[in-house]
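In order, the protein sequences belong to chains A and B.
Take the first sequence: its position 35, counting from 1, is numbered 35 in this note's numbering, and each next residue is one higher.
Take the second sequence: its position 57, counting from 1, is numbered 57 in this note's numbering, and each next residue is one higher.
Virtual Cβ for every residue (Gly too), placed ideally from N, Cα, C.
Taking it in order: structure first as structure tokens, then the write-up.
There are 2 protein chains.
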Amino acid sequence: MNTSFEPDQVRALTFDVFGTVVDWRGSIIREAQAFGARNGVTADWVAFTDQWRGMYQPSMHAVRSGKRPWTKLDDLHRESLETLCERFGFAGKVSERDLDDLTRAWHRLAPWPDVVPGLERLRRRYVLVTLSNGNVSLLVNLSRFAGLRWDAVLGAEPTRHYKPVSEAYLGTARFLDLQPPQCLMVAAHNDDLISAASLGFRTAFVARPTEYGPHQQTDLRPAADFDIVTDSFQRLAEQLGV
Amino acid sequence: MNTSFEPDQVRALTFDVFGTVVDWRGSIIREAQAFGARNGVTADWVAFTDQWRGMYQPSMHAVRSGKRPWTKLDDLHRESLETLCERFGFAGKVSERDLDDLTRAWHRLAPWPDVVPGLERLRRRYVLVTLSNGNVSLLVNLSRFAGLRWDAVLGAEPTRHYKPVSEAYLGTARFLDLQPPQCLMVAAHNDDLISAASLGFRTAFVARPTEYGPHQQTDLRPAADFDIVTDSFQRLAEQLGV
Numbered sequence: 001m002n003t004s005f006e007p008d009q010v011r012a013l014t015f016d017v018f019g020t021v022v023d024w025r026g027s028i029i030r031e032a033q034a035f036g037a038r039n040g041v042t043a044d045w046v047a048f049t050d051q052w053r054g055m056y057q058p059s060m061h062a063v064r065s066g067k068r069p070w071t072k073l074d075d076l077h078r079e080s081l082e083t084l085c086e087r088f089g090f091a092g093k094v095s096e097r098d099l100d101d102l103t104r105a106w107h108r109l110a111p112w113p114d115v116v117p118g119l120e121r122l123r124r125r126y127v128l129v130t131l132s133n134g135n136v137s138l139l140v141n142l143s144r145f146a147g148l149r150w151d152a153v154l155g156a157e158p159t160r161h162y163k164p165v166s167e168a169y170l171g172t173a174r175f176l177d178l179q180p181p182q183c184l185m186v187a188a189h190n191d192d193l194i195s196a197a198s199l200g201f202r203t204a205f206v207a208r209p210t211e212y213g214p215h216q217q218t219d220l221r222p223a224a225d226f227d228i229v230t231d232s233f234q235r236l237a238e239q240l241g242v
Numbered sequence: 001m002n003t004s005f006e007p008d009q010v011r012a013l014t015f016d017v018f019g020t021v022v023d024w025r026g027s028i029i030r031e032a033q034a035f036g037a038r039n040g041v042t043a044d045w046v047a048f049t050d051q052w053r054g055m056y057q058p059s060m061h062a063v064r065s066g067k068r069p070w071t072k073l074d075d076l077h078r079e080s081l082e083t084l085c086e087r088f089g090f091a092g093k094v095s096e097r098d099l100d101d102l103t104r105a106w107h108r109l110a111p112w113p114d115v116v117p118g119l120e121r122l123r124r125r126y127v128l129v130t131l132s133n134g135n136v137s138l139l140v141n142l143s144r145f146a147g148l149r150w151d152a153v154l155g156a157e158p159t160r161h162y163k164p165v166s167e168a169y170l171g172t173a174r175f176l177d178l179q180p181p182q183c184l185m186v187a188a189h190n191d192d193l194i195s196a197a198s199l200g201f202r203t204a205f206v207a208r209p210t211e212y213g214p215h216q217q218t219d220l221r222p223a224a225d226f227d228i229v230t231d232s233f234q235r236l237a238e239q240l241g242v
């Protein structure tokens, strides 16, 4: 894919968010621990966090396959949390309001340290947008919390399709009035980049080797010939010559 | 409508853009004059600009009524321009590329002087989004050009309905996961605010008495009992106590 890659032909950078921009795991572990302390319930909050994220892909499956009408990620997160309440033994011990607040922990995720200065530099030349499975209000709240500045919040909810369904990528390019090769997909996940590349997007793999914790086994290295391979948004800017 | 208005109950400010945020008329007159000089065609560019804007509401009518599938504003602007080329006698004398560029003059509109500092102040407390009939790429380019920072670019294209169709307002509130009374519609136009208020939005009328030029007759004063009446984004911030 990286033959004849010309940074000047790219007009917009489209960002995966969970894992690529923000450290969801560290943030959710901290939020879950505080939730436990506040509500007087104990659990292995690291396992709880990993299982919550483990339900992420399966929860979108019924929507992707069309078996279920469009349902935003906040609602899927909340449904998964109900299951975890049973599994971890605190169902009925916590108020609906506290469960709502814990669901909104996904609106309060910390960015990786290179992200804010990296985006500031990248936006001098490129249009920067989200291409995330997060819903708009989640991304708006998260971006205000983390200090992220986007030119537009796009992705699953505005296109009503979850990645890796093609329309999530193509509809985002269409909102920007760009052709896929004018868009550079930035992600820490091989499958996201391979899907984007198959539709003509340019691709940048940004390694996030601790996204899934200290023993991460997946996405440590690029699995295809992406246009750019790097490990921070600052170095991404350097490689693009910004 | 302004009984019991509490600024603390508002979470998001939803902005009309053309006329409220940017001086489309002054900007398009300048762009059209430069276009004429570049292409060696003469016309009354003030009349040309007023007639182009005059075709704005009629051009959306077929989409609003459902007679025509969703068509974004860039395409409507371009169709209106074709008609004006005939009317002003320069059809066939100008390249398609130059007509494309003139259509994109709507992506390069200057903000009123109070807008950039006013938005900076308002965003300390409120989520700021567009609720405009402009398409996403137009608003993204315009915002980069004018230095406007939004939390999200919403309105007609993401909801696929042109104001004043209810769904343009309600769909925008839904993207934000807010109820209408948590949204304050900010506009220089009575009809936009009356439509928003009828759906439960809070309303701020910001007078822009020269939007339509020195002899403007409409929208000089509020035509209903809006929650806030003012004449700049700075004073809007003051009235909201930001």
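Taking the beta carbon of residue i as the centre, do at least 16 other beta carbons fall within 10 Å, making it buried, or is it exposed?
i              : result
P158 (chain A) : buried
L220 (chain B) : exposed
R208 (chain B) : buried
S80 (chain A)  : buried
T49 (chain B)  : buried
K72 (chain A)  : buried
E6 (chain B)   : exposed
G155 (chain A) : buried
R53 (chain B)  : buried
P111 (chain A) : buried
R124 (chain B) : exposed
R38 (chain A)  : exposed
T210 (chain B) : exposed
S137 (chain B) : buried
H215 (chain A) : exposed
D16 (chain A)  : buried
D8 (chain B)   : exposed
R97 (chain A)  : exposed
R68 (chain B)  : exposed
Excluding five sequence neighbours on each side, which residues of the same chain lie with their C-beta closer than 6 Å to the C-beta of residue i?
i              : result
I228 (chain A) : A204, Q239
R121 (chain A) : A237, V242
S198 (chain A) : none
F175 (chain A) : L154
Sorted by chain position, which residues of the same chain lie with C-beta nearer than 8 Å to residue i's C-beta, five sequence neighbours on each side aside?
i              : result
A105 (chain A) : S27, I28, E31, A32, F35
P58 (chain A)  : none
V165 (chain A) : R64
Q51 (chain B)  : L84, R87
G200 (chain A) : Q179, P180, P181
M1 (chain A)   : Caution applies to M1 (chain A), whose pLDDT of 49 falls short of 50 and renders its modelled position unreliable; the value that the coordinates give is listed next. For M1 (chain A), where only same-chain residues beyond five positions count, the Cβ hits under 8 Å are A197, R202, T203, A224, D225, F226, D227.
V22 (chain A)  : L109, A110, P111, W112, V115, L142, A146
T20 (chain B)  : V186, A187, A188, H189, V206, R208
T172 (chain B) : T14, V129, L131, L154, G155, P158, T159, C183
May I ask you to report which of helix, strand or coil DSSP gives residue i?
i              : result
M1 (chain A)   : Any answer about M1 (chain A) is weak, because its pLDDT of 49 lies below 50 and its placement is not dependable; what the coordinates show is given next. The answer is coil: DSSP assigns M1 (chain A) none of H, G, I, E or B.
G241 (chain A) : coil
S132 (chain A) : strand
R149 (chain A) : coil
P209 (chain A) : coil
L109 (chain A) : coil
L184 (chain B) : strand
T83 (chain A)  : helix
V142 (chain A) : For clarity, residue 142 (chain A) is Leu in the given sequence; the question names Val instead. It is helical.
V92 (chain B)  : A small correction: the amino acid at residue 92 (chain B) is Gly; Val does not occupy that position in the sequence shown. G92 (chain B): coil per DSSP, three-state reduction.
F226 (chain A) : coil
G155 (chain B) : strand
R202 (chain A) : strand
A43 (chain B)  : coil
L170 (chain A) : helix
L13 (chain B)  : strand
R165 (chain B) : According to the sequence displayed, residue 165 (chain B) carries Val and not Arg. Looking at V165 (chain B) - three-state DSSP - the assignment turns out to be coil, as it is neither helix nor strand.
V21 (chain A)  : coil
Quick one: what's got a C-beta closer than 7 Å to residue i's C-beta in the same chain, skipping five residues either side?
i              : result
D114 (chain A) : S232, F233, Q234
At the 8 Å Cβ level, is residue i part of the contact set with chain D, yes or no?
i              : result
D219 (chain B) : You won't find chain D in this structure, because its protein chains are A and B.
Note to self: Tell me which residues of the region 135-152 of chain B have at least one Cβ-Cβ distance to chain A shorter than 9 Å, keeping chain order.
What the structure shows: So the close ones are N135, V136, S137, L138, L139, V140, N141, S143, R144, R149, W150, D151, A152.
Checklist line | Residues of the region 156-177 of chain A whose Cβ lies closer than 8 Å to any Cβ of chain B, in chain order | finding: Listed by position, the residues of the region 156-177 of chain A near chain B (Cβ gap below 8 Å) are E157, P158, F175, L176, D177.
Note to self: Using a Cβ-Cβ cutoff of 9 Å, what residues of the region 114-134 of chain A are near chain B? List them in chain order.
What the structure shows: If the cut-off is 9 Å between Cβ atoms, the region 114-134 of chain A has R123, V127, V129 near chain B.
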